[in-house]
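Trainee:
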């Protein structure tokens, strides 16, 4: 029989437990238990050396975890630092925030954020120590009244809604105060109940009232639009006066396409001037000029003015070459360039209208540099003027070539679809007045002259001329069925600057127009509509309550729970309004939640712009051209235009004349066109040579995208809302927490410029 093992069945006291140390990741210990060994003996059998191994292994794991967290945190800090430095290097254009004009709001948000962080720390300490939570909740009103009797004497005179604190909250009694920190917390409770809660409640009630009024206005507009759709109400071209008479046969010699319109025919072809203002827009000028030059209108009754305010010599040369190309093809097109960009777009249009030959034209159509009208645009808009001498403006609807490019363009499409489908259409049908959109519209030149012409006093010259024309009795119509393709800004920086101009200009115009509105001879209800609805409710109230209610009051109520906002204000009504806004664009329904959050995010920019325009601050007259990417309707259009340019037919008037003089004229035009393109290529080559001969400087890769920017106001509000969301966890406010969390994350994404496409 084999001798017994040294430990199997031995009566001797064991002095340790065998272990196997596995050097895996993570480290693990496997104890080898001996049969018959009681647990108490194992517990007493571990010696100091084995304990040292255990502690070392656990310390190694802890150090590895801390090192991983520190490395991740350091990496995040490095990424943020690089983003900030690159964003500073990318600030090629002055911004209101960087130049000091928007620092007041940024300082306010920073102070608000620091105060909220301090209050969060204090509330967390109070929560951990149980200073504000009773041991049990009152079961009935009598028990609640008994608890209220223990309130300090200076709180018993308060109204019932302030004395009845929210669930789980109470003011500690005097005998419960422990230490200076507890005393400071009690003083804070008394101060916020006495001086802060009632003020927040009054302000929130005022904002909720404005919110409800604006919601009612939105619902009424949607109902009116629904009625227009059901009844099929829309402006129609009036029939000619000679509709009942026998039509005269059209002369065979009439050639509408080449400018030989027949006045005796039923066609209505008045003299039309087309103006195309542009400034340093190399990406879109060619497509826009091409579409306008292919307009289906008699050439001897049409003149195109390309109004170039570019300060880039290369851009000027390219636009001039494009104008020359179409001029040689028989199109009446003129290139105009101003040496000084005084008055921005309004000054450009005013300068063009001062030309002597403008008096020969009856109507003027305006297209911005990124608009691509269809050939039948004038035939669908100009005939509306024929039988209505009081009609001053015909406005067409915008359509967007890049509405599905990214999330930012999708959200913009929702807003603008509602603007045209509901606001413009309803106001045009029932009021014969709306704000001119600045482009894709046809004006009667007499209406412009009677209203004082283009003025340079604001950055919304289109709204300015529309208001003055309305005060002079001119009528407007909106054509929802006539659409003109254009381009949406694809980067948040461009969209932000555009919205700042669109919301500061109306408030600046309101200050200037209010005396003229009061003195005008239009009916009182039209004056009330201009002041109360057009300016105050839709231009001032909307950004005011959006920013104040959802970006200031809501996070503030998390630290002052006595003034808590009801659920229907932060959830039900906003969702209903978002549903109404998204109805004109039903394909965008999946984006309803991002749309709601993004609109609240944009309230910061809109509120800042509204204040700067209302009080005439420095940034209210800041005009920065919205950057374009040069999108076209489709790839087939690009190929068709390229093929048309390569196989351009001979001009009709020259093709019909086969004489030697006609051939010589055609040869001369071809040589002139070839010389223009040769000069263009030579200029480009000289610029390239100059760039190559310049001293070498460190530059970034040309293939890299423009670095993202940092938007400090949005980041400050993101931190503020996330801090308020953390505070809401202490009060167990579920819906408030989720709203603040998602809204804070949205502000964070926008502040880091993670929405939209970067356009360099």
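In UniProt numbering, the protein residues as written are 1 to 760.
The beta-carbon is built from N, C-alpha and C at its ideal position, and this holds for glycine as well.
Model, not experiment: these values are computed from the prediction.
Strictly by DSSP, which residues pair up with residue 483?
Mentor: What you label residue 483 is simply residue 483 of the chain shown in a count that begins at 1. The partner list for residue 483 (beta bridge, DSSP) reads 397.
Trainee: Using the Cα positions of residue 299 and residue 270, report the straight-line distance between them to the nearest angstrom.
Mentor: Translated into positions along the chain shown, residue 299 becomes position 299. Translated into positions along the chain shown, residue 270 becomes position 270. Cα to Cα, the separation comes out at about 11 Å.
Trainee: Residue 568 by DSSP, collapsed to three states: which one?
Mentor: In the chain shown, the residue the question calls residue 568 occupies position 568. If DSSP states are grouped into helix, strand and coil, residue 568 belongs with the helices.
Trainee: To the nearest angstrom, how far is it from the Cα of residue 26 to the Cα of residue 61?
Mentor: Locating residue 26 in the chain shown gives position 26, where the first residue counts as 1. Locating residue 61 in the chain shown gives position 61, where the first residue counts as 1. Caution is warranted here: a pLDDT of 45 is assigned to residue 26, below 50, making its placement in the model unreliable, and no coordinate value can be reported.
Trainee: When you compare only the Cα positions, how much space is there between residue 629 and residue 494?
Mentor: Taking the first residue of the chain shown as 1, we reach residue 629 at position 629. Taking the first residue of the chain shown as 1, we reach residue 494 at position 494. Rounded to whole angstroms, residue 629 to residue 494 spans 11 Å at the Cα level.
Trainee: Quick one, which of 274, 603 and 204 has its alpha-carbon nearest residue 439's?
Mentor: For the purposes of this step, residue 439 is taken as residue 439 along the chain shown, with counting starting at 1. Of the listed residues, the one whose Cα sits closest to residue 439 is 274.
Trainee: Within the continuous beta strand (DSSP E) that includes residue 761, where are the two ends?
Mentor: As shown, the chain starts at 1 and ends at 760. That puts residue 761 outside it, with no answer to give.
Trainee: Return yes when the Cβ of residue 508 is within less than 7 Å of the Cβ of residue 441, no when it is not.
Mentor: Counted from its first residue, the chain shown places residue 441 at position 441. Counted from its first residue, the chain shown places residue 508 at position 508. For residue 441 and residue 508, no; Cβs fall outside 7 Å.
Trainee: By DSSP, does residue 617 sit in helix, in strand, or in coil?
Mentor: Counted from its first residue, the chain shown places residue 617 at position 617. Residue 617: coil per DSSP, three-state reduction.
Trainee: Alpha carbon to alpha carbon, what distance is there between residue 426 and residue 482?
Mentor: Here residue 482 is taken as the residue at index 482 of the chain shown, counted from 1. Here residue 426 is taken as the residue at index 426 of the chain shown, counted from 1. Roughly 16 Å separates the two Cα atoms.
Trainee: State the Cα-Cα distance for the pair residue 606 and residue 459, rounded to the nearest angstrom.
Mentor: Here residue 606 is taken as the residue at index 606 of the chain shown, counted from 1. Here residue 459 is taken as the residue at index 459 of the chain shown, counted from 1. About 15 Å.
Trainee: According to DSSP, is residue 584 part of a helix, a strand, or is it coil?
Mentor: What you label residue 584 is simply residue 584 of the chain shown in a count that begins at 1. Residue 584 falls in the coil class under three-state DSSP.
Trainee: Given 8 Å as the limit, is there contact between the segment 579-588 and the segment 536-556, that is, 3 or more CB pairs closer than that?
Mentor: At 8 Å Cβ cutoff, the stretches do not touch.
Trainee: Taking C-alpha atoms, which residue in 330, 338 and 332 lies nearest to residue 280?
Mentor: Counting from 1 along the chain shown, the entry for residue 280 is found at position 280. Residue 280 has its Cα closest to that of 338, out of 330, 338 and 332.
Trainee: Going by the CB atoms, is the gap between residue 484 and residue 373 shorter than 7 Å?
Mentor: Stepping through the chain shown from its first residue, residue 373 is reached at position 373. Stepping through the chain shown from its first residue, residue 484 is reached at position 484. In contact: residue 373 and residue 484 (Cβ atoms closer than 7 Å).
Trainee: Let me confirm a value: residue 308 is counted as buried when at least 16 other C-beta atoms fall within 10 Å, else exposed. Which label applies?
Mentor: Walking along the chain shown from the start, residue 308 turns up at place 308. Flag for residue 308 reads buried.
Trainee: Going by DSSP, what residues sit across from residue 372 in a beta bridge?
Mentor: Residue 372 sits at position 372 when you count from the first residue of the chain shown. DSSP output for residue 372 lists 485 as bridge partner(s).
Trainee: With respect to the beta strand (DSSP E) encompassing residue 308, which residues constitute its N-terminal and C-terminal limits?
Mentor: Start at 1 with the first residue of the chain shown, and residue 308 comes out as number 308. Its beta strand (DSSP E) spans residues 302-308.
Trainee: Can you give me the Cβ contacts of residue 730 inside the same chain, cut-off strictly under 8 Å, excluding the 5 residues immediately before and after it?
Mentor: For the purposes of this step, residue 730 is identified with residue 730 of the chain shown, where counting begins at 1. Result list for residue 730: 123, 124 and 127, in chain order.
Trainee: Quick check: what's the CA-CA separation for residue 381 versus residue 388?
Mentor: Counted from its first residue, the chain shown places residue 381 at position 381. Counted from its first residue, the chain shown places residue 388 at position 388. The straight-line gap from Cα to Cα measures roughly 13 Å.
Trainee: Rounded to the nearest angstrom, what separates residue 414 and residue 422 at their Cα positions?
Mentor: Residue mapping note: residue 414 aligns to position 414 of the chain shown, counting from 1. Residue mapping note: residue 422 aligns to position 422 of the chain shown, counting from 1. So the two alpha carbons sit approximately 12 Å from each other.
Trainee: What did DSSP end up calling residue 363 once you bin it into helix, strand or coil?
Mentor: In the chain shown, residue 363 corresponds to position 363, counting from 1. Looking at residue 363 - three-state DSSP - the assignment turns out to be strand.
Trainee: Given that a residue counts as buried once 16 or more other Cβ atoms are within 10 Å of its Cβ, and exposed if not, what is residue 695?
Mentor: As a first step, residue 695 must be located in the chain shown, where it is residue number 695. Only weak support exists for where residue 695 lies, its pLDDT of 46 falling under 50; the value from the coordinates is given anyway. Under this definition residue 695 is an exposed residue.
Trainee: Please go through the same chain and pick out, in chain order, the residues whose beta-carbon is closer than 8 Å to the beta-carbon of residue 560, but skip the five residues on each side of it.
Mentor: As a working note, residue 560 is residue 560 in the chain shown. The residues are 192, 196, 197 and 200.
Trainee: Identify which residue in 746, 411, 322 and 712 has its Cα closest to the Cα of residue 590.
Mentor: Start at 1 with the first residue of the chain shown, and residue 590 comes out as number 590. Selected option, being the one with the closest Cα: 411.
Trainee: Is DSSP giving residue 520 helix, strand or coil here?
Mentor: Here the question's residue 520 lines up with position 520 in the chain shown. Correct three-state label for residue 520: coil.
Trainee: Shortest alpha-carbon distance to residue 237 belongs to which of 502, 379, 562 and 569?
Mentor: In the chain shown, counting from the first residue as 1, residue 237 sits at position 237. If we check each option's Cα against that of residue 237, 379 comes out closest.
Trainee: Is it right to say residue 398 is buried, meaning 16 or more other beta carbons lie within 10 angstroms of its own, or is it exposed?
Mentor: Against the chain shown, residue 398 aligns to sequence position 398. Burial call: buried.
Trainee: Please work out which residues of its chain come closer than 6 Å, Cβ to Cβ, to residue 341, disregarding the five sequence neighbours upstream and downstream, and give them in chain order.
Mentor: Position 341 of the chain shown, counted from the first residue, corresponds to residue 341. Answer for residue 341: 309, listed in chain order.
Trainee: Just verifying my parser: in three-state terms, what is the DSSP assignment at residue 441?
Mentor: Within the chain shown, the letter at position 441 stands for residue 441. Note: residue 441 maps to strand in three-state DSSP.
Trainee: Below 8 Å on the Cβ atoms is my contact criterion, and I expect residue 313 with residue 289 to pass it. Report the Cβ-Cβ distance as a whole number of Å.
Mentor: Against the chain shown, residue 313 aligns to sequence position 313. Against the chain shown, residue 289 aligns to sequence position 289. No, residue 313 and residue 289 are not in contact; Cβ-Cβ is about 19 Å, not under 8 Å.
Trainee: Report the three-state DSSP secondary structure of residue 422 (helix, strand or coil).
Mentor: Start at 1 with the first residue of the chain shown, and residue 422 comes out as number 422. Of the three classes helix, strand and coil, the one that applies to residue 422 here is helix, per DSSP.
Trainee: Rounding to the nearest angstrom, what Cα-Cα distance links residue 292 and residue 375 in this structure?
Mentor: By one-based count along the chain shown, residue 292 stands at place 292. By one-based count along the chain shown, residue 375 stands at place 375. Straight-line Cα distance between these residues: approximately 8 Å.
Trainee: Going along the chain, which residues of its own chain have a beta-carbon closer than 7 Å to the beta-carbon of residue 221, five neighbours each way excluded?
Mentor: Against the chain shown, residue 221 aligns to sequence position 221. Taken in chain order, the residues that qualify are 422, 423 and 426.
Trainee: Can you tell me the Cα-Cα spacing of residue 285 and residue 276, whole angstroms?
Mentor: Stepping through the chain shown from its first residue, residue 285 is reached at position 285. Stepping through the chain shown from its first residue, residue 276 is reached at position 276. Cα to Cα, residue 285 sits roughly 9 Å from residue 276.
Trainee: What residues match up with residue 272 in a beta bridge as DSSP calls it?
Mentor: Here residue 272 refers to the residue found at position 272 when the chain shown is read from its first residue. For residue 272, which the question treats as bridged, DSSP gives the partners 302 and 363.
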